[in-house]
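Position one of the sequence shown corresponds to residue 303 (the working numbering), numbered consecutively onward.
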Amino acid sequence: MTQLETEIYQGQFGEFTITPDDLRGVVIYRAGLMTAALCFAIGVVLVLWQPENPAILPWLTLLYTGFCLALGVSLLMIHIYMVALHRALQTFWAIGAIAAFAIGHFHPEPFALTVYNQPLNILGIGFTFAALTGIFFKEGVCFNRLETKLLTPLVPLLLLGHMFGLLPLGLEQGLLALWAALFLVFAVRKAIQPLPPDIGDKSVFVYLEQQRSAKTEAS
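In structure tokens, the structure reads:
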């Protein structure tokens with residue numbers, strides 16, 4: 303047995319231990335975030351570096367697919383005490399992923415061009431970014447991360463600003479670059495953070511599960 307398996311933690315509702323499965327889940331969560339951040343950052347570099355080059359368009363589609371799938375994995379593994387909130391973020395991701403699939407397969411233009419030239423499509427794929435913003439908010443509250451506190455308002459500001467045509471091109475590009483940089487900072491800082499804090503207080507999860515089971519039996 304490892305030290306973490308034998309170490310007993312005192313939670314709000316009792317004692318608990320951390321298992322290898324718990325640690326594996328955190329590693330997968332963080333790997334998903336890192337993959338999503340890298341895909342997003344590479345896509346942003348391509349867009350800002352060669353915005354008029356049509357050769358980057360298939361790569362942007364591939365990178366967005368990798369970003370979306372990796373984010374979905376992270377949302378599957380993330381530890382959130384409120385089950386309803388966890389399910390809501392996963393539902394948002396699913397709606398956004400379905401919208402992206404529809405845009406990519408039923409519009410004649412490449413995915414990135416369709417979203418950029420027809421901003422109302424953000425109403426669909428924006429659900430995925432709402433789920434991402436939920437992760438940023440959760441991390442900001444739990445770990446007091448400056449970059450996530452900046453990203454939480456930045457993401458909706460940029461998406462809604464583009465959708466309603468409120469932002470000049472130069473400002474959009476600057477905000478997009480800032481988003482990619484902060485997302486990478488966040489992913490790197492998560493990668494070097496000790497694993498147990500991401501697991502949280504397991505006694506809270508046990509308590510909430512007991513409460514749900516009691517309500518189910520009572521009904």
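We treat Cβ as the ideally placed atom computed from N, Cα and C, and that holds for glycine.
*Helix, strand or coil for Gln312 per DSSP?*
Note: Gln312 maps to strand in three-state DSSP.
*Does the separation of the CB atoms of Leu497 and Val375 fall below 7 Å?*
Contact annotation: Leu497 and Val375 have beta-carbon atoms that are not nearer than 7 Å.
*Does the beta-carbon of Glu441 have 16 or more other beta-carbons within 10 angstroms, so that it is buried, or is it exposed?*
Per the 10 Å Cβ criterion, buried.
*Cβ shell of Lys492 (< 7 Å), same chain only, five flanking positions each side left out*: Answer for Lys492: Arg332, Leu335, listed in chain order.
*Short Cβ contact (7 Å threshold) for Gly502 with Leu461*: No, they are not a contact pair.
*In its own chain, which residues sit with a C-beta less than 7 Å from the C-beta of Ile344, not counting the 5 before and 5 after it?*
Beyond the five residues adjoining it in sequence on each side, Ile344 comes within less than 7 Å, by CB distance, of Leu365 in the same chain, given in chain order.
*Stretch pair the stretch 353 to 365 + the stretch 394 to 401: three plus CB contacts closer than 8 Å*: In short, these stretches do not touch, since the Cβ pair count stays below three.
*Any chance the stretch 384 to 394 sits against the stretch 432 to 441, with 3 or more Cβ pairs inside 8 Å?*
Taking one beta carbon from each stretch, the stretch 384 to 394 and the stretch 432 to 441 have 3 or more pairs nearer than 8 Å; the two touch.
*asked:* Quick check on Phe318: does DSSP put it in helix, strand or coil?
replied: DSSP places Phe318 in strand when its eight states are reduced to three.
_C-beta contact flag for Thr319 and Ile310 at 7 Å_ = Taking 7 Å as the Cβ cut-off, Thr319 and Ile310 qualify as a contacting pair.
*Please name the residue in Val346, Lys504, Glu511, Gly436 whose C-alpha comes closest to that of Leu480.*
When only C-alpha atoms are compared, the closest one is Val346.
*Given Leu452, which residues of its chain have a CB within under 7 Å of its CB, disregarding the five upstream and five downstream residues?*
Shown here for Leu452: same chain residues with a beta carbon closer than 7 Å to its own, the five before and five after excluded, namely Leu484 in chain order.
*Note down the Cα distance separating Ala414 from Leu377, rounded to an integer number of angstroms.*
Each residue's Cα considered, the two are about 24 Å apart.
*asked:* Here's the rule I'm using: 16 or more other beta-carbon atoms within 10 Å means buried, otherwise exposed. How should Arg389 be labelled?
replied: In the assembly as shown, Arg389 is an exposed residue. Its beta-carbon has fewer than 16 other beta-carbons within 10 Å.
*For His464 versus Pro412, is the C-beta spacing smaller than 7 Å?*
Going by C-beta atoms, His464 is not nearer than 7 Å to Pro412.
_Helix, strand or coil, according to DSSP, for Met303 in the structure here?_
With a pLDDT of 42 at Met303, under the threshold of 50, the modelled position of that residue is not reliable, and no figure is offered here.
*Rank Lys504, Val490, Gln475 by C-alpha distance to the C-alpha of Gln352 and give the top, closest one.*
Among Lys504, Val490, Gln475, the Cα nearest to that of Gln352 is on Gln475.
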